[in-house]
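Heads up: the structure comes next, in structure tokens.
Residue numbers (the working numbering): -2 to 274.
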């Protein structure tokens, strides 16, 4: 039987198909010929999957998946040993005694967690400078579906930014999220991490599938860390008005003490002569 169509059979309204997903996060899909209550099935790319289609209707004389129909049975199973397709639309259909048909197509979402989640600086070389805007970028490689992706930025254990994406593609993509910040004194030594989560709805796996980046450790100043007893800070051309250099010492127990260099930046007055003609 090819290209089955879904409709309410004439004279017979007892066409009910049940579809269940045989996997860890099982859910049941109930379809009636005149009532659509589809639920979402979430399947991890590369996993095995088995979907059972059954009916208790006495009016059904045949039931099958796609182009394969089996007569005089009440259930059939569609099985894939390793799911490696992104667009899955298997249709289960039933033929009734009056040769009319009803069908259901499980709503399947194939998902994949990212291969890599990493944090780096964006268009900036060197450490952070207190009071000057700084940007971090989170690169998320090979994730699907993107419209289920939620990116969370953390400063130590505090959430500082959340981002979601609008993309209807079902195949894996590379995406990025940018964190813009103006570092304050307390940001020196802070750990910034990026978490990529896949929120797949109420029937999705719990806990939410996620990948976490390695932390980016913020360091102020332009000379980096040293084990020497003294450290030198220098600027060739001072062009920042609200500059506050911070010198800090990290102890063996990872505690820190610091000292802010109080700088007043001033502009030299230039006498300008002019005349009116």
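Virtual Cβ for every residue (Gly too), placed ideally from N, Cα, C.
*Given a threshold of 16 other Cβ atoms within 10 Å of its Cβ, counted over all protein chains shown, does residue 262 qualify as buried or as exposed?*
exposed
Host beta strand (DSSP E) of residue 216 (start-end):
Premise fails: residue 216 is in no beta strand (DSSP E) and is neither H nor E.
Check: Who does residue 137 pair with in a DSSP beta bridge?
Finding: 114, 172
Comparing the CB of residue 131 with every heavy atom of the ligand GTP, is any distance shorter than 7 Å?
As for the ligand GTP, it is missing from this structure, which has no ligand bound.
* Can you tell me the Cα-Cα spacing of residue 157 and residue 77, whole angstroms? -> 42 Å
Inter-residue Cα distance where the pair is residue 204 and residue 100
33 Å
Tell me, which residues are paired with residue 97 by DSSP?
In the DSSP output, where bridge partners are listed per residue, residue 97 has none listed.
May I ask you to report which of helix, strand or coil DSSP gives residue 126? coil
- Task: On a CA-only basis, which of 137, 167, 166 is nearest residue 160? Give me that one, please.
- Result: 137
What are the boundary residues of the beta strand (DSSP E) that residue 83 is part of?
-> Where residue 83 is concerned, there is no enclosing beta strand (DSSP E), given that its DSSP letter is neither H nor E.
*Quick one: give me the first and last residue of the beta strand (DSSP E) that residue 189 is part of.*
188 to 195
Exercise for the section: Taking the CB atoms as reference points, tell me whether residue 114 and residue 141 lie closer together than 8 Å. Expected result: no
Which residues does DSSP list as the beta-bridge partners of residue 146?
195
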